[in-house]
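Only one structure is covered here, and it is reproduced in the block below.
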Amino acid sequence: MMRTLIFCAAIVLAKCISEKHTEVYSKLDQVVYIYQNNVKKDKDLEVCQPNAVCGVVNQRFWYPPYVQRYCRCSETPCPFSWSENDNRSIPLDNRSQLKTCDDTRNLQRCEANDVGLTVSEVMDPVSGQYFKSAKVLCFCDWPAYWKLDRREANATHTFNEYICSRLTRCKSGEFCGHMRADTYSTYYQCSCPRDHLCIKTDDVRRNVTEPLYNGPMLRAQCTPYHPNSV
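Heads up: the sequence shown is residues -16 to -1, 1 to 214, going by mature numbering (1 follows the signal peptide of the UniProt record, and there is no 0).
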């Protein structure tokens, strides 16, 4: 029993350590860069592997975007701005984009049940700190939801595979996605009916894991919206 408690406590502590990060505001780029653990600049990042996600751009309301950095591109800088046509972006949620070093036009379109995204979190044996990395295996057309398909986990690493899942139609009042409590971006899980919005209905924060995010989230549901009504 005691060993089990110690092991569980170790995993909880490991997850706390894994969420450590450093924020660096860039006046030049007008963004807030987020680095894992004690990393403070791109130069200190490892060079990206083929198909790696080098970063994520998270748009925020009224504030500069968050730009998470995971690795360093060998030839050109990892993009830091939101773009619909830079050929190096893949949607993550409605206000977040995965960024790549490689041209996304070289990726095949994701088919049904194709694993399109993998996310790893591995403990560095020297520092004991955890580092996340991600790879894209195919291009997921928006709108879609990165649905967890397989998960492996132990005390030193986690590995998740996600399928590019087309959005099904949900009904009025039904759960439609998780909304991040910090950026208010939403991981849609279904498509709301006409004249509805997928929005939060309360302020209860629940700890939820979605691709490349683990933390407080709000539940959203399909809510009627009639902007022209009195």
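Backbone N, C-alpha and C fix where the C-beta goes; we use that ideal spot for every residue, glycine too.
Source: prediction; values computed, not measured.
With 16 other Cβ atoms within 10 Å as the buried cut-off, status of residue i
i	result
A96	exposed
E194	buried
S58	exposed
W46	exposed
K24	exposed
R(-14)	Its pLDDT being 41, under 50, R(-14) is placed unreliably in this model, and the coordinates cannot settle the point.
R79	buried
Beta-carbon proximity list for residue i, same chain, < 8 Å, skipping 5 on both sides
i	result
R189	A165, P200, M201, L202
T102	A118, K119, L121, F143, N144, E145, Y146
Chain-order list of residues whose beta-carbon lies under 7 Å from that of residue i (same chain, five-residue window excluded)
i	result
D70	P63
residue 222	The requested residue 222 is not part of the displayed model; the chain covers only -16 to 214.
Three-state secondary structure (DSSP) of residue i
i	result
D13	coil
F26	Checking the sequence, you will find Asp at residue 26 rather than Phe. D26 falls in the helix class under three-state DSSP.
N191	strand
R44	coil
T88	helix
Y146	strand
Terminal residues of the beta strand (DSSP E) in which residue i lies
i	result
Q205	197 to 208
E136	128 to 137
6 Å Cβ shell around residue i - same chain, five flanking residues per side excluded
i	result
N198	none
E30	C55
T140	M107
Quick check: the segment 106 to 115 against the segment 149 to 166, are at least 3 beta-carbon pairs closer than 8 Å? Cβ pair count under 8 Å is below three, so no.
Does the segment 70 to 86 touch the segment 133 to 141, meaning 3 or more C-beta pairs lie closer than 8 Å? Cβ pair count under 8 Å is below three, so no.
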